Structure formats: structure tokens, C-alpha cells
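The block underneath contains the structure these notes are about, expressed in C-alpha cells.
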Amino acid sequence: MSKYEEVKDLSEEQFRRLTGVKHSTFEKMLEILQGAHEQKKRQGGRPNKLIVADMLLMALEYLREYRTYFHVGQSYGISESNAYQSIKWVENTLIRDGTFSLPGKKALLQSEMEYEVVLVDVTETPIERPKRGKSTTIPGRKSSTR
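Just so you know, the sequence shown maps onto residues 148 to 293 in the working numbering.
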């Protein structure tokens, strides 16, 4: 049984908590990916271990939770490299389609909608660590072996 079959019957709120998108958005993404997958498989090739819905779910979980490819792959029973390739294929296919693209800078400047910008200071501060060298180490007595 695929992971998507397990989670598709969740309530709208629970599904969104898991994936970060609504059911309707997920279905639109799935239609785009299935069309691209059919076109890709017309050329031949080895069948995928995961269905397209599971690849999309895996990509959304990766983006939502930001787990490593190794952990995501283990959850779905595939290798780390296969998880990476599947997630990248989903991302690139959705980007190429353009349905879920955000407007560019020029479109935002031409629109009459006002945007409020909130800046968050997330400046990294260096961790103070002891310097290496003779002056910071505690000298010990050297015992002579005569």
C-alpha cells in the first residue's frame, strides 16, 4: 500500500499539516506530474518504485520537514540517491509547468497592491572557541625517564 493511500483520507486540516498544501492543490500538482510522467515513460525506461502520488508526497514532506534525503528515502523504502532524484524531478517539473510560479519583480512593481515588508534579524554570531596554541594550554610537568 502506498503512503498516499494512507494519508489521502485525512481531514483537510490534517492533510495540510502533513504536506503544507490543501487537497485541491495537491490534486492539481498530481495532474501536472502524471502528465509529465506519462510523457517521460513513453520514451521507455525502467518503471519507478514509487507511484507519482508518493513522489509528490515525499517531495512535499521533504520541503515541509527538511529531513535528509537518507531519512526520507528510508521512510519510503528507497535509496538516498533515488529519493534525491525523485524530489528534484518533482520540483523541476512543477517549476517548468509555471502554474505554481510566483510573479516576478516587474509584475509586483506594476501592480497597485501594496506589500508590507517585514525584516527579521537572523545575523549569525560566531561561537567563541579557545584558540589553539601554547599560551592557552596548561603546561604540565614532564617526567624524566632516566
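Beta carbons are placed, not taken as given, at the ideal position from N, Cα and C, and that holds for glycine. These numbers come from a predicted model, not from an experiment.
For the pair of segments examined, the region 154 to 164 was found not to touch the region 223 to 234: the number of CB pairs separated by less than 8 angstroms stays below three. Within the region 202 to 287, complete alpha helix (DSSP H) segments of at least 4 residues are found at 216 to 223, 227 to 244 and 252 to 257, given in chain order. Contact between the region 217 to 229 and the region 245 to 252 is not established, with fewer than three Cβ pairs separated by less than 8 angstroms. Just so you know, the alpha carbons of residue 198 and residue 169 end up roughly 20 angstroms apart. Looking at the backbone, the Cα of residue 264 and that of residue 255 are separated by about 13 angstroms. Burial state of residue 180 is buried, judged by a 10 Å Cβ sphere holding 16 or more other Cβ atoms.
By the C-beta density criterion, residue 225 is buried, having at least 16 other C-beta atoms within 10 angstroms.
Take residue 176, set aside five residues on each side of it, and the residues of its chain with a beta-carbon closer than 7 angstroms to its own are 203 and 241, in chain order. Residue 223 is positioned such that its CB atom lies closer than 8 angstroms to that of residue 150.
When secondary structure is reduced to three states using DSSP, residue 169 falls in the coil class, being assigned neither helix nor strand.
Per DSSP, reduced to three states, the secondary structure at residue 181 is helical. Taking 8 angstroms as the cut-off, the beta carbon of residue 207 is found closer than this to the beta carbon of residue 167.
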